[in-house]
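A short write-up of the structure that comes next.
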């Protein structure tokens with residue numbers, strides 16, 4: 558059975574990019590008769606924002622993206638907070654140490670800063686000189702018994718006790734064959750921090766395996782981490798899932814969409830009264846390579862400015878969530894980054910409202926919502 562996961566970090570409100578990834582996981586799982594998990598990746602304590610998890614759940618509920626397993630919907634794959642799975646990561650890190658694929662690093666922050674500066678001056682691409690790799694087992698054990706704080710680093714070099722097999726190109730569902738341009742990583746990355754919390758790389762690999770994830774759908778920005786992830790799967794002798802990396806969304810000026818640019822929080826779209834299915838419909842079509850055609854609005858000389866800008870989105874591209882599941886085909890996702898056009902949302906939202914107005918019950922709900930909005934805007938009238 559297909560099993561995928563949407564794994565946001567609780568570092569603030571859910572934004573459009575996150576909602577888009579949740580949508581893709583929902584569509585892919587339902588299209589293939591599978592299920593999806595909401596997993597909270599809360600291993601970075603410095604960036605945790607209280608209330609974020611509840612905000613993510615509220616946004617998903619508003620959108621109608623109902624996860625099968627996760628917080629509040631317990632199942633066989635829990636717990637669903639990474640902060641509650643620390644013993645699991647520690648066990649896998651110990652396996653890597655035993656096999657020679659990882660080692661304990663006792664360098665202090667000051668030492669690391671000095672080493673990094675020295676390497677930078679010499680023109681080296683690495684940020685760490687791997688000095689703790691050369692500690693004997695007895696030396697490392699003595700430091701541990703003495704209570705010295707340490708991290709656990711992955712040994713990316715061929716000097717491991719057991720050499721890793723050469724990497725095969727990853728067959729990505731969107732980008733096809735991904736060849737690794739960097740056969741060795743410059744620095745041994747940290748897998749387990751000194752507070753015993755894992756980094757993303759170890760936690761995601763372990764959880765995807767332990768939860769039985771069959772397909773990992775995530776943003777294109779993680780492609781650069783594939784070499785490390787491939788090596789981790791090989792070192793742990795775990796079968797990797799199938800990957801699909803989605804191109805990122807861009808702002809109108811062509812810059813990468815982020816929380817620092819404009820109102821891209823889902824809660825802003827909720828407050829403004831956008832139709833949930835319209836927002837999902839808009840996000841799906843952004844970067845979707847195949848669009849159907851329709852005769853609606855053809856020959857209509859009275860087309861609004863919004864319609865003129867978005868006229869290529871014909872009527873049969875207006876879909877509710879169930880219809881999106883029916884038509885979804887991951888092979889139609891383009892490889893290019895795409896700009897989110899506000900005009901397209903106006904067009905799609907209008908047609909979703911027109912659909913609702915044809916249903917008496919839905920029309921009454923729209924009138925009630927409009928009345929509430931008017932009372933909020935003009936409370937004294």
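In the working numbering, the protein residues as written are 558 to 938. The beta carbon of each residue, even a glycine, is placed where N, CA and C say it ideally should be.
{"Asked": "My output table needs one value for residue 648: the three-state DSSP class, helix, strand or coil.", "Found": "helix"}
{"Asked": "When burial is assigned at 16 or more other CB atoms within 10 Å of the CB, is residue 787 buried or exposed?", "Found": "buried"}
{"Asked": "Would you call the region 724-734 and the region 887-901 in contact, with 3 or more CB pairs under 8 Å?", "Found": "yes"}
{"Asked": "According to DSSP, is residue 568 helix, strand or coil?", "Found": "coil"}
{"Asked": "Based on DSSP bridge pairs, tell me the residues matched to residue 729.", "Found": "733 and 800"}
{"Asked": "How big is the Cα-Cα spacing for residue 608 and residue 759?", "Found": "26 Å"}
{"Asked": "Have a look at residue 702 and residue 696 and give me their C-alpha separation to the nearest angstrom.", "Found": "10 Å"}
{"Asked": "Write down the C-beta distance between residue 622 and residue 579 rounded to the nearest angstrom, noting that I regard them as a contact closer than 8 Å.", "Found": "5 Å"}
{"Asked": "Taking C-beta to C-beta, are residue 594 and residue 562 nearer than 8 Å?", "Found": "yes"}
{"Asked": "Restricting to Cα atoms, I'd like to know which of 714, 671 and 835 is closest to residue 691.", "Found": "714"}
{"Asked": "Note down, one range per segment and in chain order, each alpha helix (DSSP H) of at least 4 residues found wholly within the region 868-928.", "Found": "878-884 and 899-914"}
{"Asked": "Excluding sequence positions up to five away, which residues of its chain have a Cβ less than 7 Å from the Cβ of residue 581?", "Found": "774 and 803"}
{"Asked": "For chain D, find out if any of its Cβ atoms is closer than 8 Å to the Cβ of residue 629; answer yes or no.", "Found": "The structure shown contains no chain D; it holds only a single protein chain."}
{"Asked": "Evaluate contact between the region 839-846 and the region 898-917, counting only Cβ atoms and requiring at least three cross-stretch pairs below 8 Å.", "Found": "yes"}
{"Asked": "Measure from the alpha carbon of residue 798 to the alpha carbon of each residue in 614, 813, 769 and 792, then state which is nearest.", "Found": "769"}
{"Asked": "Might you give, ordered along the chain, the residues of its own chain that have their beta carbon closer than 6 Å to the beta carbon of residue 823, omitting 5 neighbours on each side?", "Found": "571, 576 and 616"}
{"Asked": "Helix, strand or coil for residue 517, going by three-state DSSP, please let me know.", "Found": "Residue 517 lies beyond the residue range present for the chain, which begins at 558 and ends at 938; the question has no answer from this structure."}
{"Asked": "Quick check: the region 638-658 against the region 595-604, are at least 3 beta-carbon pairs closer than 8 Å?", "Found": "yes"}
{"Asked": "What do you reckon, are the CB atoms on residue 784 and residue 748 nearer than 8 Å?", "Found": "no"}
{"Asked": "Classify residue 832: buried if its beta carbon has 16 or more other beta carbons within 10 angstroms, exposed otherwise.", "Found": "buried"}
{"Asked": "Hey, out of 928, 812, 736 and 656, whose CA is closest to residue 780's CA?", "Found": "736"}
{"Asked": "Tell me which residues share the same chain as residue 792 and place their Cβ nearer than 7 Å to its Cβ, disregarding the 5 neighbours each side in the sequence.", "Found": "653, 656, 658 and 721"}
{"Asked": "What residue from 845, 912, 910 and 710 has the CA that sits closest to residue 806's CA?", "Found": "845"}
{"Asked": "Can you tell me which of 933, 669, 826 and 767 puts its alpha carbon nearest to the alpha carbon of residue 946?", "Found": "The requested residue 946 does not occur in the structure, where the chain is confined to residues 558 to 938."}
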